[in-house]
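Enquirer: Using mature numbering (1 follows the signal peptide of the UniProt record, and there is no 0), the letters of the sequence shown correspond one by one to residues -21 to -1, 1 to 179.
No residue lacks a Cβ here, since even glycine has one placed at the ideal position from N, Cα and C.
Structure in structure tokens, see below.
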Amino acid sequence: MKKILSMMSLLLVLALSPVQAGLLYLSPSSQHVNVGELVSIDVLVDGLSDSNEIVSGWDIQLLFSGLILQANNLEFALPYYTFDPDWDALYDSELQANSVNSFMTSFLLDDELFDLQTEPLLLFTLTFEALTDGFSWVTFGADPNFERNVVGRDGLSLDLSVQGACISVGQGNCSVRVPEPASLALFTPLFLLLFRRKLF
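Spelled out as structure tokens, the structure:
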């Protein structure tokens, strides 16, 4: 009976967990540069084709160590979201000491965007200057509504898992992987199952 209750609890948690529609990630996931060099990282979305989805806009924040890296340029991948960048979209970015904020809303119809987009879909490219020896994780903000919100068809937010990256500089080394906050949710059912067993 205890096993049946445990399995039912696990199935309930899995059933109530949102299904991931795709992946919001940084590429490459790990790279190394020398002090003073420029290094670029792409922000991409993949895994939408099975659900016939698109990206019609986003509100994304990237976090990094301002002691190791300095953000100096953000370039939008406009051909995937506009026919005319001056009329077909509203977009902006803000480069700060420890974060970068990026905003985009395309005014094209969903079917027009679908015809323009292929996977993996590039959102934008961010360029850093390497300041000193060390390493920096580059991660997405934690708030799914304002710091890693990617919008699909009909203006609805996509439920995406996220994956950050690491940039090492000079003598720095990206040797330890730190799980993204969204990845920790995958272990929630296991923790609940173990906790339930201890109660019985």
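Could you check how far apart the C-beta atoms of Val117 and Ala144 are, in whole angstroms? I think they sit under 8 Å.
Expert: About 5 Å separates the two Cβ atoms, so the contact holds.
Enquirer: What three-state label does DSSP hand Tyr59 in the structure shown?
Expert: In this structure, Tyr59 counts as helix in the three-state DSSP scheme.
Enquirer: Could you spell out where the beta strand (DSSP E) holding Leu101 opens and where it closes?
Expert: Leu101 -> beta strand (DSSP E) spans Leu100 to Ala109.
Enquirer: Check each candidate in Leu42, Val129, Leu87 and Arg132 and name the one with the smallest Cα separation from Thr61.
Expert: Among Leu42, Val129, Leu87 and Arg132, the Cα nearest to that of Thr61 belongs to Leu87.
Enquirer: To the nearest angstrom, how far is the alpha carbon of Glu16 from that of Glu54?
Expert: Those two C-alpha atoms are separated by around 18 Å.
Enquirer: Give every residue of the same chain whose Cβ lies closer than 7 Å to the Cβ of Ala50, excluding the five residues on either side of it in the sequence, and list them in chain order.
Expert: The residues are Leu74, Val79, Leu105 and Phe107.
Enquirer: Between Thr111 and Leu41, is the Cβ-Cβ spacing less than 8 Å?
Expert: No, these two residues do not count as a Cβ contact at 8 Å.
Enquirer: Decide if Asn128 is buried, meaning its Cβ has at least 16 other Cβ atoms within 10 Å, or exposed.
Expert: Burial call: buried.
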